[in-house]
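Residue numbers (our numbering), protein chains in the order written: chain A, 1 to 268; chain B, 1001 to 1160.
A quick write-up on the structure given underneath.
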Amino acid sequence: MSYEDSHLSDQQLLLDVEGELSTRDEKPVRSHLDACWKCRARRLEIENAIADFIRIHQREFDVKLPPAAGRRALLKAQLAQLSATTPRSGWFVLTRRLDWARAAAGLGLAVLGLLVARSVVGLQSRPRPQAAVFSIPDSRLTPGAAVLASRQAVCAQANTKNKAVSVALQRKVFEEYGIAGAEPQAYEVDYLVTPALGGADDIRNLWPHSYSATVWNARVKDDLEDRLRDMVCDGSLDLAEAQQEIAGNWIAAYKKYFHADQPVEKHQ
Amino acid sequence: MVALFDQFRGPLLRYLSNFGLAAADGEEVIQEVFLSLFQHLHRGKSRENLRGWLFRVAHNLALKRRYRTRRELEARAKADAGDLAIDPGPSPEAQVVNSQTQQRLLAVVEALPDQCRRCLFLRAEGLRYREIAGILDMSLGAVSLSLARSLARIARAAER
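Written out as C-alpha cells, the structure is:
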C-alpha cells in the first residue's frame, strides 16, 4: 500500500504506538507520520484512549481486589498436600521411562518400556495405602457446592448429619479420586459443605474422607460443622462465609473457630 | 511458587473479571491455575514464558468454570448482585469522584464484545500481541484490529 496517497489506519497507528510494526512497514509509516499532521493527531488520540482505559482499569478493578493473605495461605497448604501426595513414581516416571525407551529406539527396549509402563499403571489402579489418605479434598475435584438457601431456611430444618450418598455417586467419587479399586469401608464419602449448611448433593461437593486419617478425621469435621451451623443460626456468622470457610480449607476453619491448632482431645 | 502467586494474583483476577465469574470463583480459578503450574513444573515441563502460561491456563479454566456454573451464577446473581467482580454501580463516594466521562468510558468498555475486552485487559497487563494471540487463539492481525477498534470506541466516548 502507498503510505503517501492515503492516511494511516487506526490499526497501523496503534502498531506504531505499540512498537509492533513489522520492519517492512516501519519506515513508510514513520515517513507518513512525519509528513501528516492529521495522522499524528489521530495517533495522539489513540495514546490518550490507552491512558483513559488504563485509568478506568486501575480505578475500577484494582481497588476491588480482596486481600491476598487468606488465599496465599490456602495455596501453601494445598501445595504442601500436593507435594506429599503427588506420586513421583506415577505419570512423571512413566513418561520419563517412555522418553528413555524412545531414545534407545530399539524394539526390545520399547517392549521393555511398555512392560514397565504396564506395571506402573497396574500399581496405580490398585489402592494406594499410603498416598490415598485424604484429610482434605482435592479442590480441583471437590471445590464445594451449595444450594441457594437462606439462613432462615437452613436453620429451620433439622441438623441433617451424614446424609446418605447413593452407591452410584460414591463409586463416581472414588473413580474421580483414582481409588476405584479401594475398599469402600476405608472411606466415608463426605460432603465438603454439609447439607446442614446448605451443601448440595453434587459430585463437586463430595470427597472420600479417609477413616484412617487419625487426626483430622470425619468426626472432627462434624464438630466444625456443628459449630459453624450454631454460629450461622445465632447470627454471628454469615451463611455464605461459613460455606466458603469450610469449602476453602476445613482444617484451617476448624483451627480458626475452635482457636486450636489440633482437634480437641475427644476426637483423637 | 508463592512469589509468583503474589505477583500474578492481581493481574489474573482483573483479567478473570471479564468472564462474569463471582469474585470467589475467580479466586478458585487462580488456586487451580497455581496447582496446575505446580504439576506442570513437577513434570519437568518448560519454564519459558510462565506469564503467558498462567494467563492461558486461567483463560481456559475460567471458560470451563463459567460453562459449568452458568445456571448457578444466574440464579446467584439475582439473589446476590453485590458479589459480582464488577460492581453494577458506584458507591456514593465514587459517584462524587467519577466524572461523567469516566462513567461513559466504563460503559463503553463493558459493552465491548468479550473477545475485544479480553484483548484490552491482557494488553493492559503487559502481554505482547503474540502472547495475546496465543491465549485467545487469534491471529496477530486480529489482535491489533480488535485493540484498534476498542481504542477507537474509547476515543469517541472521551470526545463527547
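Just so you know, even glycine gets a beta-carbon here, dropped at the ideal spot from N, CA and C.
On a predicted model such as this, the values are computed, not experimentally measured, just so you know.
- Per DSSP, the continuous alpha helix (DSSP H) segment holding A:Ser31 begins and ends at 23-35.
- About 7 Å separates the CB atoms of A:Ile46 and A:Asp10; that is less than 8 Å, so the two are in contact.
- Take A:Glu225, set aside five residues on each side of it, and the residues of its chain with a beta-carbon closer than 8 Å to its own are Lys161, Thr194, Ala196, Leu197, Ile246, in chain order.
- For the stretch 179-226 of chain A, the full-length beta strand (DSSP E) segments reaching 3 residues or more read 187-191, 206-210 along the chain.
- Ranked by Cα distance from A:Val215, the options A:Val133, A:Gly70, A:Asp230, A:Thr142 are led by A:Val133.
- Looking at the backbone, the Cα of A:Asn48 and that of B:Ala1155 are separated by about 7 Å.
- Contact fails between the stretch 1111-1120 of chain B and the stretch 6-20 of chain A, because fewer than three Cβ pairs, one in each stretch, are under 8 Å apart.
- At least one CB atom of chain B sits nearer than 8 Å to the CB of A:Glu60.
- Contact check between the stretch 1123-1141 of chain B and the stretch 1103-1110 of chain B: fewer than three CB pairs, one atom from each, fall below 8 Å, which does not count as touching.
- By the neighbour-count definition (other C-beta atoms within 10 Å, threshold 16), B:Trp1053 is a buried residue.
- At a Cβ-Cβ threshold of 8 Å, A:Leu74 and B:Gln1031 count as neighbours.
- Just so you know, the alpha carbons of A:Asp234 and A:Arg151 end up roughly 10 Å apart.
- Taking 8 Å as the CB threshold, A:Ser139 lines the interface with chain B.
- Within the stretch 1015-1067 of chain B, the runs of alpha helix (DSSP H) at least 4 residues long that lie entirely inside it are, in chain order, 1023-1042.
- Taking a C-beta distance under 8 Å as the contact criterion, A:Tyr177 and A:Pro208 qualify as a contact pair.
- Note: A:Ala146 is bridge-paired with A:Gly199 in the DSSP secondary-structure output.
- Taken in chain order, the members of the stretch 23-49 of chain A whose beta-carbon sits within less than 8 Å of a beta-carbon on chain B are Glu45, Ile46, Asn48, Ala49.
- With contacts defined by Cβ atoms closer than 8 Å, B:Met1001 and B:Phe1034 form a contacting pair.
- With contacts defined as CB atoms closer than 8 Å, B:Phe1008 and B:Arg1066 fail to qualify as a contacting pair.
- In the three-state reduction of the DSSP assignment, A:Glu45 falls in the helix class.
- A:Pro137 sits in coil when the DSSP states are folded into three classes, being neither helix nor strand.
- For B:Glu1131, there are no neighbours in chain A by C-beta distance under 8 Å, as the nearest C-beta there is about 12 Å away.
- Relative to A:Ala68, the option among B:Val1143, B:Gln1102, B:Asp1006 whose CA is nearest is B:Asp1006.
- When rounded, the separation of the alpha-carbon atoms in B:Ser1144 and B:Gly1010 is 25 Å.
- Per DSSP, B:Gln1115 is one residue of the alpha helix (DSSP H) stretching across 1114-1124.
- From the beta-carbon of A:Arg151, no residue of chain B is found nearer than 8 Å; the closest lies around 12 Å away.
- Here B:His1059 is buried, its C-beta having at least 16 other C-beta atoms within 10 Å.
- Minimum Cα-Cα distance from A:Gly70 among the listed residues B:Ser1150, B:Ser1017, B:Ala1024, B:Arg1043 corresponds to B:Ala1024.
- The beta carbons of A:Gly199 and A:Ala158 sit about 15 Å from each other, so the pair does not count as a contact at 8 Å.
- With fewer than 16 other Cβ atoms inside 10 Å of its own Cβ, A:Leu44 counts as exposed.
- The DSSP-derived three-state label of A:Tyr177 is coil.
- Ranked by Cα distance from A:Tyr187, the first of A:Lys163, A:Ala218, A:Asp202, A:Ser166 is A:Ala218.
- A:Lys163: not part of any alpha helix (DSSP H); DSSP gives it neither H nor E.
- About 20 Å separates the beta carbon of B:Ala1133 from that of A:Phe53, a gap too long to meet the 8 Å contact definition.
- The Cβ neighbour count for B:Leu1004, taken over all protein chains shown within 10 Å, is under 16; the residue is labelled exposed.
- With a cutoff of 8 Å on beta-carbon distance, A:Ala260 and A:Ala77 are scored as not near each other.
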